[in-house]
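Asks: Residue numbers (the working numbering), protein chains in the order written: chain A, 4 to 544; chain B, 25 to 330.
Cβ coordinates follow ideal geometry from the N, Cα and C atoms, glycine included.
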Amino acid sequence: MKKLLYAGIAGIALSATGAIAQVDQDAPTGGSMIVTYKDDVATLDPAIGYDWQNWSMIKSLFDGLMGYEPGTTTLRLELADSHDISDDGLVHTFTLKDGIKFHNGREITAEDVKYSLERVTNPETRSPGAGFFGMIEGFEDWNAGEGEGLSGVKVIDDKTVEITLNRPDATFGHVMALNFASVVPQEAVEASGEDFGREPVGSGAYKLADWTPGQQVVFERFEDYHRAGVPKLDQITFEIGLEPTVALLRMQQGQADIPGDGIPPAQFLQVMNDPEQADNVVEGGQLHTGYITLNTQMEPFDDKAVRQAVNMAINKDRIVRIINGRAVPANQPLPPTMPGYAEDYEGYAFDPEKAKQMLADAGYPDGFSTELYVMNVDPNPRIAQAIQQDLSAIGIDAEIRNLAQANVIAAGGEPDQAPMIWSGGMAWIADFPDPSNFYGPILGCGGAVQGGWNWAWYCNEELDARAAEADSMTDPDQAEARIDAWRQIYLDVMEDAPWVPVFNEQRFTYTSDRLAGDDSLFVDPVHIPVNYDYVYSTEAQ
Amino acid sequence: MRGYIIRRLFESALILLGITLVTFILLYLVPADPARQIAGRSATAETVQNIRDQLGLNDPFFVQYARYLGNLFQGDMGRSYLQRAEVSELIAARLPASLMLMVAAIVTELIMGLTIGVVAALRRNKFADHSLMIFSFVSISAPQFVIGILLLYVFAVQLGWFPIGGYGTPAHFVLPAVTLGFLGAGWYSRMMRSSMIDVLAQDFVRTARAKGLSKGRIILRHVMPNAILPIIAMIGIDIGLFMSGIVVVESVFGWPGIGQLAWQAIQRVDIPVIMGVTMVSATAIVMGNLLADLVAPLIDPRIKTK
Numbered sequence: 004m005k006k007l008l009y010a011g012i013a014g015i016a017l018s019a020t021g022a023i024a025q026v027d028q029d030a031p032t033g034g035s036m037i038v039t040y041k042d043d044v045a046t047l048d049p050a051i052g053y054d055w056q057n058w059s060m061i062k063s064l065f066d067g068l069m070g071y072e073p074g075t076t077t078l079r080l081e082l083a084d085s086h087d088i089s090d091d092g093l094v095h096t097f098t099l100k101d102g103i104k105f106h107n108g109r110e111i112t113a114e115d116v117k118y119s120l121e122r123v124t125n126p127e128t129r130s131p132g133a134g135f136f137g138m139i140e141g142f143e144d145w146n147a148g149e150g151e152g153l154s155g156v157k158v159i160d161d162k163t164v165e166i167t168l169n170r171p172d173a174t175f176g177h178v179m180a181l182n183f184a185s186v187v188p189q190e191a192v193e194a195s196g197e198d199f200g201r202e203p204v205g206s207g208a209y210k211l212a213d214w215t216p217g218q219q220v221v222f223e224r225f226e227d228y229h230r231a232g233v234p235k236l237d238q239i240t241f242e243i244g245l246e247p248t249v250a251l252l253r254m255q256q257g258q259a260d261i262p263g264d265g266i267p268p269a270q271f272l273q274v275m276n277d278p279e280q281a282d283n284v285v286e287g288g289q290l291h292t293g294y295i296t297l298n299t300q301m302e303p304f305d306d307k308a309v310r311q312a313v314n315m316a317i318n319k320d321r322i323v324r325i326i327n328g329r330a331v332p333a334n335q336p337l338p339p340t341m342p343g344y345a346e347d348y349e350g351y352a353f354d355p356e357k358a359k360q361m362l363a364d365a366g367y368p369d370g371f372s373t374e375l376y377v378m379n380v381d382p383n384p385r386i387a388q389a390i391q392q393d394l395s396a397i398g399i400d401a402e403i404r405n406l407a408q409a410n411v412i413a414a415g416g417e418p419d420q421a422p423m424i425w426s427g428g429m430a431w432i433a434d435f436p437d438p439s440n441f442y443g444p445i446l447g448c449g450g451a452v453q454g455g456w457n458w459a460w461y462c463n464e465e466l467d468a469r470a471a472e473a474d475s476m477t478d479p480d481q482a483e484a485r486i487d488a489w490r491q492i493y494l495d496v497m498e499d500a501p502w503v504p505v506f507n508e509q510r511f512t513y514t515s516d517r518l519a520g521d522d523s524l525f526v527d528p529v530h531i532p533v534n535y536d537y538v539y540s541t542e543a544q
Numbered sequence: 025m026r027g028y029i030i031r032r033l034f035e036s037a038l039i040l041l042g043i044t045l046v047t048f049i050l051l052y053l054v055p056a057d058p059a060r061q062i063a064g065r066s067a068t069a070e071t072v073q074n075i076r077d078q079l080g081l082n083d084p085f086f087v088q089y090a091r092y093l094g095n096l097f098q099g100d101m102g103r104s105y106l107q108r109a110e111v112s113e114l115i116a117a118r119l120p121a122s123l124m125l126m127v128a129a130i131v132t133e134l135i136m137g138l139t140i141g142v143v144a145a146l147r148r149n150k151f152a153d154h155s156l157m158i159f160s161f162v163s164i165s166a167p168q169f170v171i172g173i174l175l176l177y178v179f180a181v182q183l184g185w186f187p188i189g190g191y192g193t194p195a196h197f198v199l200p201a202v203t204l205g206f207l208g209a210g211w212y213s214r215m216m217r218s219s220m221i222d223v224l225a226q227d228f229v230r231t232a233r234a235k236g237l238s239k240g241r242i243i244l245r246h247v248m249p250n251a252i253l254p255i256i257a258m259i260g261i262d263i264g265l266f267m268s269g270i271v272v273v274e275s276v277f278g279w280p281g282i283g284q285l286a287w288q289a290i291q292r293v294d295i296p297v298i299m300g301v302t303m304v305s306a307t308a309i310v311m312g313n314l315l316a317d318l319v320a321p322l323i324d325p326r327i328k329t330k
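(1) Output the distance between the C-alpha atoms of A:Gln-392 and A:Glu-508, rounded to the nearest integer angstrom.
(2) Starting from B:Ile-282, follow the beta strand (DSSP E) in both directions and report where the run begins and ends.
(3) For the stretch 68 to 99 of chain B, which residues have a CB atom closer than 8 Å to at least one CB atom of chain A, in sequence order?
(4) Could you tell me if A:Ile-159 is buried or exposed, where buried requires 16 or more neighbouring beta carbons within 10 angstroms of its beta carbon?
(5) Using beta carbons (cut-off 9 Å, strictly below), is B:Val-362 in contact with chain A?
(6) Short of 8 Å in beta carbon distance, which residues of its chain neighbour A:Ala-24, apart from the five on each side in sequence? Order them along the chain.
(7) Let's see if you can read the secondary structure: which residues bound the alpha helix (DSSP H) around B:Val-142?
(8) For chain B, is any of its Cβ atoms less than 9 Å away from the one on A:Asp-43?
(9) Going by other Cβ atoms of all chains shown within 10 Å of its Cβ, with 16 needed for buried, is B:Gln-182 buried or exposed?
(10) Between A:Gly-318 and A:Leu-337, what straight-line distance do the alpha-carbon atoms span, to the nearest angstrom?
(11) Using a C-beta cutoff of 9 Å, does A:Gly-67 count as contacting chain B?
(12) If I'm right that A:Tyr-209 touches A:Phe-225 with Cβ under 8 Å, what's the distance once you round it to whole angstroms?
(13) Tell me the DSSP secondary structure of A:Phe-65 in three-state form.
(14) Indicate whether A:Leu-518 and A:Val-538 have their beta-carbon atoms separated by less than 9 Å.
(15) Measuring only the C-alpha atoms, how far is B:Asp-294 from B:Pro-55?
(16) Please identify, using Cβ separations under 8 Å, the residues of the stretch 242 to 261 of chain A that lie next to chain B, in order along the chain.
(17) Among A:Tyr-513, A:Gly-454, A:Ala-194 and A:Pro-216, which one has its Cα closest to the Cα of A:Ala-281?
(18) If the cut-off is 8 Å on Cβ atoms, which residues from the stretch 30 to 59 of chain A count as contacting chain B, listed in chain order?
(19) Let me check one thing: in DSSP terms, what residues is A:Asp-213 bridge-paired to?
(20) Whose C-beta lies closer than 7 Å to the C-beta of A:Asn-379 among residues of the same chain, with five residues either side of it excluded?
(21) Answer with yes or no whether the minimum CB distance from B:Thr-44 to chain A is below 9 Å.
(22) Closest to B:Ser-104 by CA distance: which of B:Pro-321, B:Val-301, B:Val-310 and B:Ala-316 is it?
(23) Mind checking whether A:Ala-430 and A:Gly-447 have CB atoms under 9 Å apart?
(24) Please report the straight-line C-alpha distance between A:Asn-410 and A:Thr-296, rounded to a whole angstrom.
(25) Return helix, strand or coil for A:Phe-525, following the three-state DSSP convention.
(26) For a minimum of 4 consecutive residues, which ranges assigned as the alpha helix (DSSP H) are wholly contained in the stretch 157 to 235 of chain B?
(27) Could you say which of B:Leu-38, B:Ser-165, B:Ile-49 and B:Asp-57 lies nearest to B:Arg-292 if we only look at CA atoms?
(28) Leaving out five residues on either side along the sequence, give the residues of the same chain with a beta carbon under 6 Å from the beta carbon of A:Gly-293.
(29) Can you tell me whether DSSP reads A:Ser-130 as helix, strand or coil?
(30) What number of angstroms, rounded off, separates the C-alpha of A:Pro-332 from the C-alpha of A:Ala-352?
(31) Have a look at B:Phe-151, B:Ala-201, B:Leu-253 and B:Leu-224 and flag the residue whose alpha-carbon is nearest the alpha-carbon of B:Glu-133.
(32) Check the Cβ of B:Tyr-191 against every Cβ in chain A and list those closer than 7 Å, keeping chain order.
(33) Along the stretch 167 to 180 of chain A, what residues have a CB closer than 9 Å to any CB found in chain B?
(34) Does the CB of B:Leu-314 have a neighbour CB from chain A at under 9 Å?
(35) Over the uninterrupted beta strand (DSSP E) stretch that includes A:Glu-402, give me the two end residues.
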């Protein structure tokens with residue numbers, strides 16, 4: 004049995020190395036902020052919400068056993084007081100903190116943890132996150148609608164829950180930090196039924212105070228929150244229905260604190276060129292990669308040399324310029340902020356001459372015709388045109404298929420429909436900050452199925468085996484070796500070139516003068532747009 | 025007259041039924057799988073299949089359609105795939121805002137349109153007429169999105185007379201209503217102008233003038249009531265135009281109406297919500313047309329009902 008040490012416990016040691024963001028513990032509490040959004044919030048049910056708008060709102064309303072140090076990708080204990088793991092890596096034992104309460108005032112017990120995990124994996128919940136819990140023993144049966152719950156989750160006593168896995172899995176801590184693993188009170192879920200997403204009851208730093216459809220959602224400080232001094236603000240108002248352009252006007256008039264949908268592309272330069280406004284913009288990385296998929300099962304992309312040639316044909320710097328420099332060029336699947344990113348990898352350099360030569364060697368001296376699928380929302384069609392021009396320079400005639408998002412996703416899920424897809428607008432943003440999260444569904448054999456997300460239909464069984472092996476390295480001592488293994492897997496993927504990695508989007512969070520906090524809170528890797536729990540108001544006393 | 029009303033009501037019901045069928049077919053044919061939208065990108069094929077089963081998406085088309093109609097007749101429009109809430113509740117929460125905006129827009133377009141039309145007709149072929157007609161031409165052709173943003177920028181941001189989008193007070197109504205009414209104002213001003221010119225040339229106007237009535241009295245009591253007839257019949261038809269307009273205007277001004285709801289549902293392939301909003305707006309359009317047809321003979325006995 005090993006006790007896993009997290010930042011909270013080993014805090015002093017880690018912060019000395021600078022691994023933990025400087026969250027200002029003495030920041031004043033009080034005040035409020037206004038966040039604007041265009042779309043109404045779909046749901047605040049943690050088992051169901053899975054878009055980037057409700058993702059961090061849910062994080063503020065609910066807590067799970069695990070969480071992250073604010074502003075970082077470092078795991079920490081949240082509702083759990085300790086996390087022990089058996090020597091074979093299969094049995095995880097969590098004890099709960101004392102005196103933690105739901106918003107309805109009831110104390111949280113181990114039963115609630117079991118109920119919540121069984122709810123999210125119950126097929127009747129139709130949770131988009133059920134698949135994340137596949138490593139828990141008994142998942143297959145329960146998720147198929149058989150049996151009486153998750154056999155792998157046992158309540159030992161009021162404060163202790165024991166979770167048995169069917170395979171050692173190094174990502175389990177991250178999975179328990181997902182919104183889907185949030186702890187919910189059974190009585191509130193049953194009282195609300197299908198409407199729980201409108202009447203959420205959790206144990207997060209904020210509780211829901213008001214929701215007027217199409218107008219506003221209001222969060223209020225939860226006085227009994229288990230972390231003293233958190234949240235910093237008394238209230239957050241999410242104003243709904245504001246176009247990004249209109250939201251920016253509100254910002255400039257001092258009537259909003261954060262435009263939740265970001266700075267609209269058309270106004271980006273205007274904001275950045277105005278020193279006063281640019282001063283309020285925080286730039287940071289994102290766990291995002293934009294890529295072109297090359298369908299490895301369709302001619303001529305079934306030929307590795309053709310795929311490599313396409314990799315050399317794309318002028319990524321020009322594409323980054325098209326989006327006003329809101330990204331950095333990419334040469335591998337992992338984004339730079341992700342553990343396992345290969346710093347010294349050079350990738351395929353932009354070299355149209357060599358690309359043309361490679362195409363000729365592969366038997367296409369005159370190029371060929373193909374189709375490029377793209378989502379029809381700016382700037383993606385413009386990016387597709389740039390790709391089209393780059394391809395025509397080496398003799399490939401790509402016809403652009405401009406479609407609605409759902410239609411592009413549907414085409415990618417068919418084995419023989421989309422030879423090339425520009426992923427913009429649908430590209431992968433990691434669910435949790437671990438390199439494995441960029442593999443399974445989008446590059447692994449499991450995703451290369453009808454309706455899957457592996458649009459390159461790339462399936463390399465040797466790499467799949469190595470991926471499984473890496474994820475079975477659960478011993479904390481092996482953490483570094485595991486990251487190295489993943490790094491090599493992605494470099495080998497690049498050798499096969501099923502993708503052209505194009506860029507990693509940067510985040511630009513624009514805030515009013517009324518908000519303060521460490522910069523890392525405004526580009527928090529797991530909270531978009533900002534970490535609602537820790538930013539504070541300059542107007543607070 | 026009663027027979028006519030019953031027949032028209034029956035026809036309207038048939039039209040609505042036809043609309044449910046056409047919309048259902050279109051949504052059925054869309055190559056986007058709602059189950060995959062719900063399941064998200066990490067879902068396994070089994071999860072997606074399970075969701076399809078639960079929502080009955082694997083049933084043959086006619087089974088799905090019959091089930092939808094059956095529920096609809098019992099007043100059940102189903103639950104949103106994504107929000108999980110009752111579609112009827114979602115629409116009921118938003119319909120009042122849309123209806124109020126529509127009424128405000130009708131008032132706006134009538135005031136603007138009729139005033140411009142009357143002035144232009146009375147100043148026919150003079151400078152005022154020409155410039156007003158150019159204005160109405162612009163208002164017909166300009167995209168509502170552009171007008172909305174322009175009005176916001178000038179009157180809300182620069183002058184600060186109105187709030188920058190949102191909902192709640194009478195001041196919030198002004199800019200969206202003007203944006204929505206702008207298009208109709210253009211049409212009405214042109215119609216009112218030509219209608220006025222027609223009526224001004226009629227014999228009874230000459231008689232009135234010969235009787236020695238003042239010019240103002242002739243215009244107000246004799247010309248305008250006659251000239252306005254064709255316009256009243258138009259208002260019913262206008263509702264169709266508004267239904268397409270509110271999607272744009274509500275999204276520009278952040279108006280919490282059904283246009284905004286429809287826009288979001290379409291983006292997320294939320295079929296029950298799309299069906300629900302389509303049904304509600306189709307009903308409004310059909311009722312508007314029906315009303316226009318029923319009102320026309322009341323105000324102009326020359327129009328006969330059979």
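Replies: Taking the geometry as given:
(1) What you label residue 392 of chain A is simply residue 389 of the first sequence in a count that begins at 1. What you label residue 508 of chain A is simply residue 505 of the first sequence in a count that begins at 1. Distance between the alpha carbons of A:Gln-392 and A:Glu-508: 22 Å.
(2) The residue given as residue 282 of chain B occupies position 258 in the second sequence. Premise fails: B:Ile-282 lies in the alpha helix (DSSP H), 282 to 291, not in any beta strand (DSSP E).
(3) Thr-68, Ala-69, Glu-70, Thr-71, Val-72, Asn-74, Ile-75 and Gln-78
(4) The residue given as residue 159 of chain A occupies position 156 in the first sequence. Per the 10 Å Cβ criterion, exposed.
(5) Here chain B comprises residues numbered 25 to 330, so residue 362 of chain B is not present and cannot be evaluated.
(6) Position 21 of the first sequence, counted from the start, is the residue given in the question as residue 24 of chain A. Low local confidence applies: a pLDDT of 47 at A:Ala-24 is under 50, so the model's placement there is unreliable, with the coordinate-based value given in what follows. Correct list, in chain order: Glu-72, Pro-73, Gly-74, Thr-75, Asp-521, Ser-523 and Leu-524.
(7) Counting from 1 along the second sequence, the entry for residue 142 of chain B is found at position 118. Where B:Val-142 is concerned, the enclosing alpha helix (DSSP H) stretches over 111 to 146.
(8) As a position in the first sequence, residue 43 of chain A is number 40, starting the count at 1. Closer than 9 Å: yes.
(9) Stepping through the second sequence from its first residue, residue 182 of chain B is reached at position 158. Result: exposed.
(10) Working through the first sequence from its first residue, we reach residue 318 of chain A at position 315. Working through the first sequence from its first residue, we reach residue 337 of chain A at position 334. It should be pointed out that residue 318 of chain A corresponds to Asn in this sequence rather than to Gly. Distance between the alpha carbons of A:Asn-318 and A:Leu-337 is about 19 Å.
(11) Along the first sequence, one-based indexing puts residue 67 of chain A at 64. Not one chain B Cβ lies under 9 Å of A:Gly-67.
(12) As a position in the first sequence, residue 209 of chain A is number 206, starting the count at 1. As a position in the first sequence, residue 225 of chain A is number 222, starting the count at 1. 6 Å between Cβ atoms; contact.
(13) The residue labelled residue 65 of chain A in the question sits at position 62 within the first sequence. Note: A:Phe-65 maps to coil in three-state DSSP.
(14) Position 515 of the first sequence holds residue 518 of chain A. Position 535 of the first sequence holds residue 538 of chain A. It is a contact, given that the beta carbons lie within the stated cut-off.
(15) Along the second sequence, read from residue 1 onward, the residue named residue 294 of chain B stands at position 270. Along the second sequence, read from residue 1 onward, the residue named residue 55 of chain B stands at position 31. Cα to Cα, B:Asp-294 sits roughly 14 Å from B:Pro-55.
(16) Glu-242, Ile-243, Gly-244, Leu-245, Glu-246, Thr-248, Val-249, Leu-252, Arg-253, Gln-255, Gln-256 and Gln-258
(17) Position 278 of the first sequence holds residue 281 of chain A. For A:Ala-281, the nearest C-alpha among the options comes from A:Tyr-513.
(18) Lys-41, Asp-42, Asp-43, Ala-45, Thr-46, Asp-48, Ile-51 and Tyr-53
(19) The residue labelled residue 213 of chain A in the question sits at position 210 within the first sequence. Under DSSP, A:Asp-213 shares a beta bridge with A:Val-221.
(20) Stepping through the first sequence from its first residue, residue 379 of chain A is reached at position 376. So the qualifying residues of the chain are Asn-405, Leu-406 and Ala-407.
(21) By one-based count along the second sequence, residue 44 of chain B stands at place 20. With 9 Å as the cut-off, B:Thr-44 does not count as an interface residue toward chain A.
(22) Numbered from 1 along the second sequence, position 80 holds the residue referred to as residue 104 of chain B. For the residues B:Pro-321, B:Val-301, B:Val-310 and B:Ala-316, the minimum Cα distance to B:Ser-104 belongs to B:Val-301.
(23) Counted from its first residue, the first sequence places residue 430 of chain A at position 427. Counted from its first residue, the first sequence places residue 447 of chain A at position 444. Taking 9 Å as the Cβ cut-off, A:Ala-430 and A:Gly-447 do not qualify as a contacting pair.
(24) The count along the first sequence starts at 1 and reaches residue 410 of chain A at position 407. The count along the first sequence starts at 1 and reaches residue 296 of chain A at position 293. Between A:Asn-410 and A:Thr-296, the C-alpha separation is close to 16 Å.
(25) Here the question's residue 525 of chain A lines up with position 522 in the first sequence. Shown here, A:Phe-525 sits in a helix according to DSSP, grouped into three states.
(26) Within the stretch 157 to 235 of chain B, the complete alpha helix (DSSP H) runs of at least 4 residues are 168 to 175, 194 to 224 and 227 to 235.
(27) Here residue 292 of chain B refers to the residue found at position 268 when the second sequence is read from its first residue. Here the closest residue by C-alpha is B:Asp-57.
(28) Here residue 293 of chain A refers to the residue found at position 290 of the first sequence. So the list reads Ser-426, Gly-427, Ala-430, Val-505 and Phe-506, once near-sequence residues are dropped.
(29) Here residue 130 of chain A corresponds to residue number 127 of the first sequence, with the count starting at 1. DSSP places A:Ser-130 in coil when its eight states are reduced to three.
(30) Within the first sequence, numbered from 1, the residue matching residue 332 of chain A stands at position 329. Within the first sequence, numbered from 1, the residue matching residue 352 of chain A stands at position 349. Going from the Cα of A:Pro-332 to the Cα of A:Ala-352 covers about 11 Å.
(31) Here residue 133 of chain B is taken as the residue at index 109 of the second sequence, counted from 1. In terms of Cα proximity to B:Glu-133, the closest of B:Phe-151, B:Ala-201, B:Leu-253 and B:Leu-224 is B:Ala-201.
(32) Within the second sequence, the letter at position 167 stands for residue 191 of chain B. Those are Gln-218, listed as they occur along chain A.
(33) Shown here is that no member of the stretch 167 to 180 of chain A has a Cβ falling below 9 Å from a Cβ of chain B.
(34) Translated into positions along the second sequence, residue 314 of chain B becomes position 290. Output row for B:Leu-314: interface = no.
(35) In the first sequence, counting from the first residue as 1, residue 402 of chain A sits at position 399. Looking at the DSSP string, the run of the beta strand (DSSP E) that includes A:Glu-402 is 400 to 406.
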